[in-house]
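See below for the structure under consideration.
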Amino acid sequence: MSTHVLLDRLDGVRSRGPGSWMAKCPAHDDRSPSLSIRETSDGATLVYCFGGCSLHEVVGAVGLQIKDLFPANNNYHSKSKQPQISARDLLILITYRVTLLWIAAEDLAAGKVLSERDQATIRKEYAEIGRMLEVANGF
Ligand SMILES: [Zn+2]
Numbered sequence: 009m010s011t012h013v014l015l016d017r018l019d020g021v022r023s024r025g026p027g028s029w030m031a032k033c034p035a036h037d038d039r040s041p042s043l044s045i046r047e048t049s050d051g052a053t054l055v056y057c058f059g060g061c062s063l064h065e066v067v068g069a070v071g072l073q074i075k076d077l078f079p080a081n082n083n084y085h086s087k088s089k090q091p092q093i094s095a096r097d098l099l100i101l102i103t104y105r106v107t108l109l110w111i112a113a114e115d116l117a118a119g120k121v122l123s124e125r126d127q128a129t130i131r132k133e134y135a136e137i138g139r140m141l142e143v144a145n146g147f
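Residues 9 to 147 in this note's numbering are what the sequence shown lists, from first letter to last.
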């Protein structure tokens, strides 16, 4: 799926440079755009809501599935029970989330107290990584 299929379903889309956009998140009441969208060189779409919505919530809110974020070429072909996302793409998505957990860990190490909202975000990100494992296992 082209990133533009997703962008066409979002409000308040603005470009932040080649292959990078911000938009209003469809999964929560988003006044200022807090959804980051990136298109990778191999045609995958990375989505992240800074408001704390999970990837499932975001793509579900616009009628898409996580597998729609990846190009439908040979690498992604699903033979019945095979994973529909390559291990590399899962790693990209997990790295994205681990980076956020790392930022939170740095804040904690610096003696900052995480807000309730940040704590909720971290719980969701942790759950999301579990979801990705299910995807990798072909459900
Ligand atoms: Zn959101």
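Note that beta-carbon positions come from the ideal geometry of N, C-alpha and C, so glycine has one too.
Tell me whether residue i sits in a helix, a strand or coil according to DSSP, three-state version.
{"i": "Arg17", "result": "coil"}
{"i": "Arg131", "result": "helix"}
{"i": "Arg139", "result": "helix"}
{"i": "Thr48", "result": "coil"}
{"i": "Leu72", "result": "coil"}
Find out if the Cβ-Cβ distance for the pair residue i, residue j is shorter than 9 Å.
{"i": "Ser62", "j": "Glu142", "result": "no"}
{"i": "Leu77", "j": "Met140", "result": "no"}
{"i": "Leu108", "j": "Ile74", "result": "no"}
Distance check for residue j and residue i, CA to CA, integer angstroms please.
{"i": "Ser23", "j": "Ala128", "result": "28 Å"}
{"i": "Gly51", "j": "Met9", "result": "8 Å"}
{"i": "Glu47", "j": "Ser28", "result": "7 Å"}
{"i": "Val21", "j": "Gly59", "result": "16 Å"}
{"i": "Leu43", "j": "Cys33", "result": "5 Å"}
{"i": "Ile111", "j": "Gly119", "result": "13 Å"}
{"i": "Val121", "j": "Pro79", "result": "40 Å"}
{"i": "Ser49", "j": "Asp97", "result": "12 Å"}
Nearest to residue i by CA position, among the options, is which residue?
{"i": "Asp19", "options": "Ala69, Gly51, Tyr104", "result": "Ala69"}
{"i": "Tyr56", "options": "Arg105, Leu99, Thr11", "result": "Arg105"}
{"i": "Leu54", "options": "Asp37, Gly71, His12, Arg39", "result": "His12"}
{"i": "His36", "options": "Leu15, Glu65, Asp16", "result": "Glu65"}
{"i": "Leu72", "options": "Arg96, Gly25, Leu15, Glu136", "result": "Leu15"}
{"i": "Val67", "options": "Ser123, Arg17, Ala135", "result": "Arg17"}
What residue does the beta strand (DSSP E) around residue i start on, and which one ends it?
{"i": "Ile102", "result": "No beta strand (DSSP E) holds Ile102; the alpha helix (DSSP H) holding it covers 95-117."}
{"i": "Val121", "result": "Here Val121 belongs to no beta strand (DSSP E), and DSSP marks it neither H nor E."}
{"i": "Cys33", "result": "From DSSP, Cys33 is part of no beta strand (DSSP E); its letter is neither H nor E."}
{"i": "Leu54", "result": "53-57"}
How far does the alpha helix (DSSP H) with residue i in it extend, from its first residue to its last?
{"i": "Leu63", "result": "63-69"}
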